[in-house]
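Asks: Numbering (the working numbering), first residue to last: 1368 to 1584. Where is the CB? At the ideal position from N, CA and C, for every residue including glycine.
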Amino acid sequence: MKFFADTAEISEIRELAATGLLDGVTTNPSLIHKSGRNFLDVVKEIASVVSGPVSAEVVALDYDGMMREAAVLRKIADHIAIKVPLTPAGLKACKALSGDGTMVNVTLCFSSAQALLAAKAGATFISPFIGRLDDISSDGMQLIADIRLIYDNYDYGTQILAASIRHPMHIVDSAKLGADVVTAPPKIIWQLFKHPLTDLGIASFLKDWEATGQKIV
Ligand code: G3P
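(1) Please tell me whether L1440 and A1423 are closer than 9 Å, where the distance is taken between their beta carbons.
(2) Expressed to the nearest angstrom, what Euclidean distance is found between the alpha-carbon atoms of D1522 and A1486?
(3) For a test of your reading of the model: does the CB of D1540 fall under 8 Å from any non-hydrogen atom of the ligand G3P? Yes or no.
(4) The beta strand (DSSP E) that contains T1393, what's its start and end?
(5) Could you check if D1429 belongs to the surroundings of the ligand FMN, using beta carbon to heavy atom distance under 8 Å?
(6) CA-CA distance, K1401 and G1466?
(7) With respect to the beta strand (DSSP E) encompassing N1314, which residues constitute its N-terminal and C-terminal limits?
(8) Starting from the C-beta of G1419, find all residues in its chain whose C-beta is less than 7 Å away, skip the five residues before and the five after it, and write them out in chain order.
(9) Residues bridged to F1572 by DSSP?
(10) Nearest CA to the CA of V1451: which residue from S1504, V1473 and Q1481?
(11) Note down the Cα distance separating A1437 from A1414, rounded to an integer number of angstroms.
(12) Identify whether F1350 lies in helix, strand or coil by the three-state DSSP scheme.
(13) Would you kindly work out how many angstroms separate the C-alpha atoms of I1503 and A1385, rounded to a whole number?
(14) Identify which residue in P1396, M1433 and R1381 has its Cα closest to the Cα of E1412.
(15) Mind checking H1537: buried by the 16 CB within 10 Å criterion, or exposed?
(16) Which term fits M1470, buried or exposed, when burial requires 16 or more other beta carbons within 10 angstroms of its beta carbon?
(17) Within 10 Å of its beta-carbon, does A1530 have 16 or more other beta-carbons around it, so buried, or fewer, so exposed?
(18) I'd like the list of long-range same chain contacts for V1548, defined as Cβ closer than 8 Å, with 5 residues on each side in sequence excluded.
(19) Of all the options I1443, I1532, V1409 and Q1581, which has the alpha carbon lying nearest to the alpha carbon of P1553?
Quick look at the structure:
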């Protein structure tokens, strides 16, 4: 499973990249707003730190506007994935961009019907929003399972990118169901490392080691 960081905070991205476990980054207009930085500058900087896909989202709602914005964004680096919304115009842009060899992340997916359309439009990634579905008492994880089934039925190459992640079990459950990628806030990725028995085990090993009076170097 690939891990993407869902953030526009460069310090968080650098910290995660240093683990060697980070495969890409996703941003959206809200995360750019939160960063307080210029969109193009921040995407450029992220792309210089991470060699995997970096998603940058268009904000135009019409096809021509999306294509104009995508032309600017794709010039930043070859590993920019253009993020388009799951609308007729977004999927038209998806088809044109992916036909041209540009990676496309189709975002704001809330149903398997939408995911089927995105695969037909040649999306590189489909982003089902798990947390936002759970927030309205719907079953986000079931959507991952349904998309996996549909994509496998037809051998669609579109990668399932589980998004809107709220806690570590969303990541684990997405992995169990065969999502190809997960994008999560860095804080949640760091939580994956945590287990109280690991901390306790280290403490007791160190105590016993000190009692030996030895040193490795
Ligand atoms: O980047 C898309 C998605 O991950 C947003 O998550 O937490 O705003 O629902 P959230």
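Replies: So, to answer that:
(1) If you number the sequence shown from 1, residue 1440 lands on position 73. If you number the sequence shown from 1, residue 1423 lands on position 56. Their beta carbons are under 9 Å apart, which means L1440 touches A1423 by this criterion.
(2) Taking the first residue of the sequence shown as position 1, residue 1522 is located at position 155. Taking the first residue of the sequence shown as position 1, residue 1486 is located at position 119. If you draw a straight line from the Cα of D1522 to the Cα of A1486, it comes to about 10 Å.
(3) Locating residue 1540 in the sequence shown gives position 173, counting from the first residue. Result no, Cβ not under 8 Å from the ligand G3P.
(4) Here residue 1393 corresponds to residue number 26 of the sequence shown, with the count starting at 1. G1391 to T1393 is the extent of the beta strand (DSSP E) around T1393.
(5) What this structure holds is the ligand G3P, not the ligand FMN.
(6) Here residue 1401 refers to the residue found at position 34 when the sequence shown is read from its first residue. Here residue 1466 refers to the residue found at position 99 when the sequence shown is read from its first residue. Those two C-alpha atoms are separated by around 33 Å.
(7) Examination of residue 1314 is not possible in this model, given that the chain is present from 1368 through 1584 alone.
(8) In the sequence shown, counting from the first residue as 1, residue 1419 sits at position 52. Only D1390, G1391 and H1446 meet the Cβ criterion.
(9) Start at 1 with the first residue of the sequence shown, and residue 1572 comes out as number 205. Per DSSP, F1572 has no beta bridge partner at all.
(10) For the purposes of this step, residue 1451 is taken as residue 84 along the sequence shown, with counting starting at 1. Cα-wise, what sits closest to V1451 is V1473.
(11) Taking the first residue of the sequence shown as 1, we reach residue 1437 at position 70. Taking the first residue of the sequence shown as 1, we reach residue 1414 at position 47. Straight-line Cα distance between these residues: approximately 16 Å.
(12) Residue coverage of the chain in this structure runs from 1368 to 1584, which leaves residue 1350 outside it and unanswerable.
(13) Within the sequence shown, the letter at position 136 stands for residue 1503. Within the sequence shown, the letter at position 18 stands for residue 1385. Their backbone Cα atoms lie some 36 Å apart in a straight line.
(14) Here residue 1412 is taken as the residue at index 45 of the sequence shown, counted from 1. Residue R1381 is the option with its Cα nearest to E1412.
(15) As a working note, residue 1537 is residue 170 in the sequence shown. Buried, since its Cβ has 16 or more Cβ neighbours within 10 Å.
(16) Within the sequence shown, the letter at position 103 stands for residue 1470. Under this definition M1470 is a buried residue.
(17) Indexing the sequence shown from 1 puts residue 1530 at position 163. When all chains shown are included, A1530 counts as buried.
(18) Position 181 of the sequence shown, counted from the start, is the residue given in the question as residue 1548. For V1548, where only same-chain residues beyond five positions count, the Cβ hits under 8 Å are M1368, K1369, F1370, F1371, D1390, G1391, F1492, Q1526, I1527, L1528 and A1529.
(19) For this step, residue 1553 is matched to residue 186 along the sequence shown. Minimum Cα distance to P1553 is reached at I1532.
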